[in-house]
Structure formats: structure tokens, C-alpha cells
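Residue numbers (our numbering): 3 to 229. Virtual Cβ for every residue (Gly too), placed ideally from N, Cα, C.
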Amino acid sequence: MTTVFLFYIKKKYRFWAFSRMALWPGRFAAVEGVSFSKLMGSGADEGFGFLPNFNIYALLLQWDNDADKTQFLKSNALLQAYRDRSDHVLQLTAQSFKAHGSWGGLSPFQQGEAMPNVPIMVLTRASITWSKALKFWKHVPLTAKAIQGAGEKILSIGVGELPWVEQATISIWPSEDAVKRFAYGQKDHLEAIRKTKELGWYKEELFARFSVIGMEGSWPGLEVVSY
3 MTTVFLFYIK KKYRFWAFSR MALWPGRFAA VEGVSFSKLM GSGADEGFGF
53 LPNFNIYALL LQWDNDADKT QFLKSNALLQ AYRDRSDHVL QLTAQSFKAH
103 GSWGGLSPFQ QGEAMPNVPI MVLTRASITW SKALKFWKHV PLTAKAIQGA
153 GEKILSIGVG ELPWVEQATI SIWPSEDAVK RFAYGQKDHL EAIRKTKELG
203 WYKEELFARF SVIGMEGSWP GLEVVSY
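What follows is the structure, given as C-alpha cells:
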């Protein structure tokens, strides 16, 4: 099971949140029951801009069991510190059903069966080769245009562990069919895939899809119905 938190930090706590990026990744990794964790920042322009966005952060946790996840949600002081300093928090609970590639040399997400009649979360991430980073960022507007213009998406945001070279995208879609229509029918997205293969930007990449079995909280521009 995977939980993803998106935090929209209050203006007066921006420095606090930025400093946690150096101080807290190891503390989240050490939480009982967590098998994989990533604390990530974001960029401007829905996360796809070259400049950072000091308001938005993401936390991804992969769990060994439901009991530890429940206890974390109920009483973890690290999570509560983020909640207390955020104007908006969106919490997603999801189960992976398709994954390939690696993240930091690990393959944390399992294969399985998609759950029917629930939204789909898509996670893509990549480590960009330093020597090709500038060329990659010249083409980012094409990728951003593709996903930002996707009419069926519920939410999309670019995040990452390190500026410019460790990048990820989290997007939520109403169905698997909606994901496929975007992936295989959107011209700009297909061109971005072609460029990726042609230019070899990435030294490591991962792609995963999840059934979203819980979504609650609030997020700017998004009407969230808890379930």
C-alpha cells in the first residue's frame, strides 16, 4: 500500500519546509512499517517550471502493513508538523498494479490487478544525466503542455528529490481508459516520448500505475470528496 501527501505550505513556514528537505528524509524512512519513502519539493508552473515553488512539497510512503500505516496517520509527529504548517493537504491512498523501472536502484511497487471503478494515479520519475540536463529542460515545456492540457486529468503536479536532475510527475485520472487516451492519443505526449528515446536523457527511470482507494483533504482548484 502507498500513501502520497501533497502539502501546500503556509507562506510563513516556507523556510521551515525547505529546510526539512535536508533534515527529514531519513526520519520518514525510519518510520515503523515504511519500506520505501521519498520527500520531494516542487517547481513553479504546476511543478514543471525551472524555478522552485517553495509552497508545495510531496511525501510518498510505501507500507509493509496496514497497521503501521494507520498508526502513522493517527499519531506521527512529523506528519502533524506538516499538517499544522499547511493551508492545504491532499492525502492519497493507493495500490500499485503496474510498474517497471527503478528508483534509486530499487523497485518498490508491486504488479497486480487494477481495481474497478476507482481513479488511477500515475507516477513517473527519472534521474536525468547531468550532461544532458540543459537539453532536457529545453524540452520540458512540451511535456508540461501535454499533461496540463489533458482535459480528463483530475490533478497533475511535478515534484522531485533534487532540483533539475531528480524529477517525478504525479497525476490522477478518472479511469484507466482516460490514462490510455492521454498516453497513446495526445500528440505532445507522444512527441515527448520520442524525444526521450532519441536523446537518452535518463540514467534511471520508473513508471507505475496505482488504483486510488482513498482521497481526502483539500487542494487549490480541486474539489475533493473523501472516500
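Residue i vs residue j beta-carbon contact at 9 Å
i: Phe7; j: Glu34; result: no
i: Ser21; j: Pro121; result: no
i: Ser109; j: Ala101; result: yes
i: Gly162; j: Met42; result: yes
i: Val36; j: Asp68; result: no
i: Ile156; j: Arg87; result: no
i: Val124; j: Trp203; result: no
i: Ile130; j: Glu168; result: yes
i: Gly103; j: Glu207; result: yes
One or two residues paired with residue i in a DSSP bridge
i: Lys40; result: Leu62
i: Leu92; result: Leu8, Gly219
i: Asn55; result: Ser44
i: Trp105; result: Leu108
i: Ser173; result: Val124, Ser158
Sequence-distant residues of the same chain with beta carbon closer than 7 Å to residue i, five excluded per side
i: Leu53; result: Gly45, Ala46
i: Leu80; result: Trp26, Arg29, Phe30
Close beta carbons around residue i, own chain, < 6 Å, minus the five adjacent residues each side
i: Ser98; result: Phe111, Gln112, Ala210, Phe212
i: Thr5; result: Leu63, Thr95
i: Thr126; result: Thr171, Phe209
i: Trp221; result: His90, Leu92
Spatial neighbours of residue i in its chain, beta-carbon cut-off 8 Å, leaving aside the 5 residues before and after
i: Ile159; result: Leu8, Ser44, Glu48, Gly49, Ile58, Ala60, Thr171, Ile172, Ser173
i: Asp70; result: Val33, Glu34, Gly35, Val36
i: Leu224; result: Leu92, Ile156, Leu157
Below-9 Å beta-carbon distance, residue i vs any chain B residue
i: Val91; result: The structure shown has no chain B; it contains just one protein chain.
Per-residue burial, residue i [other beta carbons within 10 Å of its own, 16 or more giving buried]
i: Trp18; result: exposed
i: Glu154; result: exposed
i: Lys182; result: exposed
i: Tyr84; result: buried
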